[in-house]
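Respectively, the protein sequence lines represent chains X and R. Quick note: the first sequence, position 243, residue 243 per this note's numbering, numbers continuous. For any residue, its number in this note's numbering is found by taking its place in the second sequence, counting from 1, and adding 1000. Each remark here refers to the structure printed beneath this line.
There are 2 protein chains.
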Amino acid sequence: MAIGTLFLIPNTLGTEDRLEQLSWVLPAATITQAAELKYWIVENAKTARAFLKAIDSVSSLCTPLQELVLLEWRGAAQNAKYNSQTRPESLLQALVDGHNMGLMSEAGVPGVADPGAELILAAHGLGATVRPLVGPSSILLGLMASGLNGQQFAFQGYLPNQNQERITRLKQLEAESRRLQQTQIWIETPYRNAAMYDACLQALSAETRLCIGVDLSLASESIHTYTLSEWRKRFPSEKMSSELQNRPAIFLLLA
Amino acid sequence: MAIGTLFLIPNTLGTEDRLEQLSWVLPAATITQAAELKYWIVENAKTARAFLKAIDSVSSLCTPLQELVLLEWRGAAQNAKYNSQTRPESLLQALVDGHNMGLMSEAGVPGVADPGAELILAAHGLGATVRPLVGPSSILLGLMASGLNGQQFAFQGYLPNQNQERITRLKQLEAESRRLQQTQIWIETPYRNAAMYDACLQALSAETRLCIGVDLSLASESIHTYTLSEWRKRFPSEKMSSELQNRPAIFLLLA
């Protein structure tokens, strides 16, 4: 029997007004493909079901929601904590049995800033076809809208969360950006956004450009690029801390 | 009068069967938004018209094709060669006059691996809202499907096209990747893909993983990740050179 295809299905970037969001951020073919799959690997079965329920309202699921097979994967290290399936291959048996499978992230595209890459590599190892579908990525949307260098850029994931280390790291990224003319991109957990903004104000040079994108692809989206001297003048710490409070954000700089 | 919004409208990644591609790679809202805009900045007016004609077949243009205003922008240096409008602000007058504008790339998303960033930065400088819409990016699709590290990655644009410099650069990228556990991503002009593949075979270590994605998002899409020792064994230079001939490709490595 031929091995199945692993489809990488993007998710919305937020759960509010999800039904409207689907047509805003997912091509019709992504929605249709999601509706066709029975076997899934997801980060969290409960939230994955909520996404698939929204998909069902737009394009009827081929397999009823209760009969879908949803396996959870949070990365090898994390999976070892929760259950015994710590080897990615063990989750891909349906592929080997000739079924197509879907891989879904909690938000945005699978395989980027999430634990999906190990599974995708294992699928290549099995000789499966891997098909990435189009959907929203806060990294890509932030980079597009920033006006910063889109010909050379690096994504750094999360920076250290201790204040002094964070400041040291920001200064390093600024120096790298200046040396390579490379846009530096990073994310932060929403409740630490205000602390990250303060660290930027403290660490970065007056002429460095900083872009902060908040609630990307949502109705409340806001994206601004200023030099640090403009940020300092127009958006003092107190003003921004409520603005950034608990909203997903992406940060980009070009020195 | 309030200043307009600059919409960043993604394009398909190829022109074959474009009408079908639209529903494959663009959300309904991206198509509808493109159909609403009268004022555009594009890389090439002729090919932009072909894209908008396809959009019109799916969602009727609010302004007839012949009456659209299409300004060309290929970056400040390039624009100086072709016409006098070398300052990005000069192309954004419609925004200042209160109209919304669209920015479109020749392929994929504006502002990434294209000359759009200067214009987007100028729009921020004018105080305009910048709205990035969802669409296909070969960089993002390639990264998703590669199975390589999606938590740390860098896009390097084009590498040198002289063979010896190319090999030196590949070795540098491999060393960087090993040091930072960072996926390195680059592109090549299609007619040089085979030479790039040969250089990879020559330059990279046996255990390094290389992903080559070809014709991303098109019906002929093919994405493979192997170690260099597997590439050398399974895909000798002659075999790959016809495979890669004149097809848009993206290259990724993780050492």
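Where a beta carbon is used, it is the ideal one built from N, C-alpha and C, also for glycine.
Ranked by Cα distance from threonine 227 of chain X, the options X/Ala255, X/Arg166, X/Cys62, X/Gln78 are led by X/Ala255. Chain-order list of chain R residues neighbouring aspartate 17 of chain X: empty, with the shortest C-beta distance near 13 angstroms, by a criterion of under 9 angstroms. Here glutamine 1184 of chain R is bridged, per DSSP, to R/Ala1154, R/Leu1253. Contact between asparagine 1163 of chain R and alanine 1199 of chain R holds, with the beta-carbon distance rounding to 6 angstroms and staying under 8 angstroms. Secondary structure note for histidine 224 of chain X: its beta strand (DSSP E) is the uninterrupted segment 222 to 227. DSSP places threonine 189 of chain X in the coil class of the three-state scheme, outside both helix and strand. Around the CB of cysteine 211 of chain X, 16 or more other CB atoms lie within 10 Å, so the residue is classed as buried. Isoleucine 3 of chain X: not part of any alpha helix (DSSP H); DSSP gives it neither H nor E.
Taking 9 angstroms as the cut-off between beta carbons, the residues of the stretch 145 to 160 of chain X near chain R are Ala145, Ser146, Gly147, Leu148, Asn149, Gly150, Gln151, Gln152, Phe153, Ala154, Phe155, Gln156, Gly157, Tyr158, in sequence order. For a Cβ distance threshold of 9 angstroms, residue set Gly150, Gln151 of chain X lies close to aspartate 1114 of chain R, ordered along the chain. For leucine 22 of chain X and serine 1237 of chain R, the gap between their C-alpha atoms comes out near 43 angstroms. With respect to phenylalanine 7 of chain X, glycine 102 of chain X sits close: the two C-beta atoms are nearer than 8 angstroms. Listed in chain order, the beta strand (DSSP E) runs fully inside the stretch 52 to 116 of chain X are 69 to 72, 101 to 104, counting runs of at least 3 residues.
Straight across, the Cα-Cα distance linking threonine 1225 of chain R with glycine 1213 of chain R is about 9 angstroms. In the DSSP assignment, no residue is bridged to isoleucine 139 of chain X. In this structure, glycine 150 of chain X sits near glycine 1111 of chain R, with a CB-CB distance shorter than 8 angstroms.
Between the alpha carbons of glutamate 89 of chain X and alanine 48 of chain X lies a gap of roughly 21 angstroms. Between alanine 249 of chain X and proline 190 of chain X, the gap from beta carbon to beta carbon is short of 8 angstroms.
Listed along chain R, the residues sitting closer than 8 angstroms to proline 136 of chain X by beta-carbon distance are Val1134. Distance between leucine 13 of chain X and phenylalanine 51 of chain X, taken at the CA atoms: about 11 angstroms.
By the Cβ criterion, the stretch 1123 to 1134 of chain R is not in contact with the stretch 93 to 109 of chain X, since fewer than three pairs of Cβ atoms, one from each stretch, lie closer than 8 angstroms. Counting C-beta pairs with one atom in each stretch, the stretch 1026 to 1041 of chain R and the stretch 24 to 36 of chain X have three or more that are closer than 8 angstroms, which means they touch.
From the listed residues X/Thr32, X/Lys233, X/Ala2, X/Asp215, the smallest Cα separation to serine 138 of chain X is found for X/Asp215. One Cα belongs to serine 1060 of chain R, the other to leucine 1037 of chain R, and the distance between them is close to 11 angstroms.
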